[in-house]
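K.L.:
Okay, so the sequence shown: first residue is 1 according to the UniProt record's numbering, each after it adds one. All residues carry an ideal CB built from backbone N, CA and C; glycine is no exception. Quick caveat: nothing in here was measured; it's all calculated off a predicted structure. The structure is given below, and queries will be raised subsequently.
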Amino acid sequence: MAFYRQAGNIPPKRHTQHRDENGQLYFEELMGEEGFSSDSSLLYHRHIPSAIVDATVWELPDQATTPNHPLSPRHLKLHDLFPESVWADTDVVTGRRLILGNGDVRISYVVAGKESPLYRNALGDEMVYVESGSATVETVFGALEAKQGDYVLIPMSTTHRWIPTGPEPLRAYAIEANSHLVPPKRYLSRFGQLLEHAPYCERDLHGPGETLQAEGTDVEVLVKHRTSHGIVGTRMLYANHPFDVIGWDGCLYPYTFNISDYEPITGRVHQPPPAHQAFEGNNFVICNFVPRKVDYHPLSIPVPYYHSNVDSDEIMFYCGGDYEARKGSGIGQGSISVHPGGHAHGPQPGAYERSIGAEFFDELAVMVDTFRPLELGEGALACEDRNYAWTWAGRGPAQ
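Right under this line is the structure:
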């Protein structure tokens with residue numbers, strides 16, 4: 001988004017000589033989107049940023065997906081995927097388990113206790129939601145401090161690594177786009193400023209501080225990218241450490257945004273999901289369901305009405321509070337519900353009536369709506385509650 005920042009040592013004029021105290025030139029790198037026609041930043045390196053000395057195959061974790069067929073709503077219990085005996089030796093990058101994916105977006109989950117390798121996603125932007133724990137995210141632009149409730153936006157091809165901090169593991173819900181992730185256009189002025197009716201503003205976006213000055217030679221960076229055969233990985237060995245930037249400026253950089261800074265939009269009657277939207281990518285959106293006052297029409301029914309997402313799959317990650325509409329379904333903290341296009345869904349039995357007269361919902365969830373069908377990753381197949389689809393009827397096919 002067009003929100004200018006600068007850090008460190010930059011020259012007064014772009015694309016001009018910039019030298020250190022010994023007269024040595026710094027190397028200017030333009031990092032830009034959509035081929036010089038969208039947001040960009042200029043970074044000034046002590047070493048040539050393209051100098052690699054080796055490239056070998058990085059075998060990615062299982063990226064295979066299985067169609068949601070026969071069509072069914074699903075409940076996935078993510079906390080079952082990483083027992084304590086596993087997460088201590090797991091990192092946020094290589095330890096991700098694929099939950100859902102299609103050609104536009106992949107959703108993964110990880111519980112991590114150790115530092116990740118240096119990593120770059122060359123497929124699209126990443127939006128990583130911190131369910132619990134904390135981390136320092138070191139990037140080529142500088143460091144970010146991430147805590148519970150933070151979204152961490154990592155622009156496409158940004159070299160970075162995750163370092164968990166604190167006594168508890170880092171639980172991270174990773175949304176990997178095949179595009180860029182931006183605020184909805186209706187929240188932006190024609191010049192790119194967040195408008196008064198937007199549920200957050202530029203003050204809520206926290207970019208990196210001082211630049212990092214790491215030393216090292218023959219430094220490995222894991223790169224996720226695409227070939228005609230699908231998503232693959234490469235281990236690139238750089239002649240010098242990529243965290244050698246002495247200054248940068250521009251409108252493209254990583255940032256954090258805490259879900260508690262999202263101001264919910266409410267009304268007299270139940271508001272549809274677009275009222276909860278926070279970000280969008282190509283063919284999908286990200287929405288926040290946060291603690292809020294609910295409908296104040298005297299005859300309102302505060303929980304959602306039953307609805308058919310005829311053009312989209314609806315994915316809810318339940319990350320806090322008490323989700324009124326799902327009581328009785330088995331869904332709780334760390335659950336994902338998958339409500340696919342072609343199937344009507346809504347509150348569990350009894351929730352419709354119980355919600356009448358409610359004035360406040362204490363719930364926290366991250367929703368991803370996609371406009372192409374999602375398929376199930378290996379992580380989803382490993383943690384599914386297979387009774388969920390029948391909870392509205394109270395009985396399943398064997399009864």
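#1: State the beta-bridge partners of Trp392 as determined by DSSP.
#2: For the candidate residues Tyr119, Glu33, Gln24, Ala135, whose alpha-carbon lies nearest to that of Thr256?
#3: Classify His18 as helix, strand or coil using the three-state DSSP reduction.
#4: Let me confirm a value: Asn178 is counted as buried when at least 16 other C-beta atoms fall within 10 Å, else exposed. Which label applies?
#5: Taking the alpha helix (DSSP H) that residue 402 falls in, what are its first and last residues?
#6: Over the uninterrupted beta strand (DSSP E) stretch that includes Gly379, give me the two end residues.
#7: Just the Cα atoms here: how many angstroms apart are His343 and Asn309?
#8: Output yes or no for whether 7 Å exceeds the beta carbon distance between Phe317 and Ile336.
#9: For Thr136, which beta-bridge partners are listed by DSSP?
#10: Is the segment 273-283 touching the segment 89-106 in the sense that three or more CB pairs, one from each, lie closer than 8 Å?
#11: Determine, using beta carbons only, whether Val368 and Ile315 come nearer to each other than 7 Å.
#12: When you compare each of Lys327, Gly267, Gly320 to Leu299 by their alpha carbons, which one comes out closest?
#13: Beta carbon of Asp261, beta carbon of Tyr200: below 7 Å?
#14: On a Cα-Cα basis, can you pick out the residue from Val338, His241, Pro49, His75 that is closest to Ser312?
#15: With distances taken Cα to Cα, identify the nearest neighbour of Ser38 among Arg372, Leu181, Trp248, His229.
#16: Can you tell me whether DSSP reads Tyr109 as helix, strand or coil?
P.N.:
Reading it off the structure:
#1: Paired residue(s): none; Trp392 is not in a bridge.
#2: Ala135
#3: coil
#4: buried
#5: Any question about residue 402 goes unanswered here, given that the chain covers just 1 to 399.
#6: Where Gly379 is concerned, there is no enclosing beta strand (DSSP E), although the alpha helix (DSSP H) it sits in stretches over 378-382.
#7: 7 Å
#8: yes
#9: Glu145, Ile163
#10: yes
#11: yes
#12: Gly267
#13: yes
#14: Val338
#15: Leu181
#16: strand
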